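Just so we're aligned, residue 0 is where the sequence shown starts under numbering that gives the first Met the number 0, counting upward by one. Step one of this worksheet: look at the structure below.
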Amino acid sequence: MLNRDEDILQAAETWQKAGHGVALATVVETWGSAPRPAGSSLVINDDGTFLGSVSGGCVEGAVVTEALDVIASGKPKMLEFGVADETAWNVGLSCGGTIRVFVEKVSQS
């Protein structure tokens, strides 16, 4: 069962209050067959713990790795995984589609 948006946002808040750096990864666009629809989210903290889903399989591992860089640098990234991209095959996106995932650091307001 995938976590609800409320669970993901609550985890982000809890981790921040505990002193962790936090990033949010969101599927912003899909083409063709994609494991998760646009709007799907994954929250990641600075020790690599995550909650939610943007794709599944090895793609999520790649997103977590990129999110750790985003937490460290504070600079957002747009990631793209698809069957035409050799990197996508390397991380397991073989469903025939393409996804774009925006990763941003969560800051306290």
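Built from N, CA and C at the ideal position, the CB exists for glycine as well. This one's a predicted model, so the numbers in the text were calculated from it and none came from an experiment.
Inter-residue Cα distance where the pair is Thr29 and Arg3: Translated into the one-based positions of the sequence shown, residue 29 becomes position 30. Translated into the one-based positions of the sequence shown, residue 3 becomes position 4. Straight-line Cα distance between these residues: approximately 20 Å.
Range covered by the alpha helix (DSSP H) that runs through Gly81: In the sequence shown, counting from the first residue as 1, residue 81 sits at position 82. Premise fails: Gly81 lies in the beta strand (DSSP E), 76-81, not in any alpha helix (DSSP H).
Backbone secondary structure at Ala33 - three-state DSSP: Here residue 33 refers to the residue found at position 34 of the sequence shown. If DSSP states are grouped into helix, strand and coil, Ala33 belongs with coil.
Assigned exposure category for Ala66 - 16 Cβ within 10 Å defines buried: To locate residue 66, count along the sequence shown from 1; it is residue 67. Flag for Ala66 reads buried.
Cα-Cα separation between Val21 and Val42, rounded to whole angstroms: Along the sequence shown, read from residue 1 onward, the residue named residue 21 stands at position 22. Along the sequence shown, read from residue 1 onward, the residue named residue 42 stands at position 43. So the two alpha carbons sit approximately 7 Å from each other.
Where the beta strand (DSSP E) through Gly51 begins and ends: Working through the sequence shown from its first residue, we reach residue 51 at position 52. It spans 49-51 - the beta strand (DSSP E) in which Gly51 sits, taken as one unbroken run.
Backbone CA spacing between Val62 and Gln107 [nearest angstrom]: Your numbering for residue 62 matches position 63 in the sequence shown. Your numbering for residue 107 matches position 108 in the sequence shown. Their backbone Cα atoms lie some 22 Å apart in a straight line.
Cα-Cα separation, Pro75 to Arg99: Within the sequence shown, the letter at position 76 stands for residue 75. Within the sequence shown, the letter at position 100 stands for residue 99. The alpha-carbon atoms of Pro75 and Arg99 are separated by roughly 13 Å.
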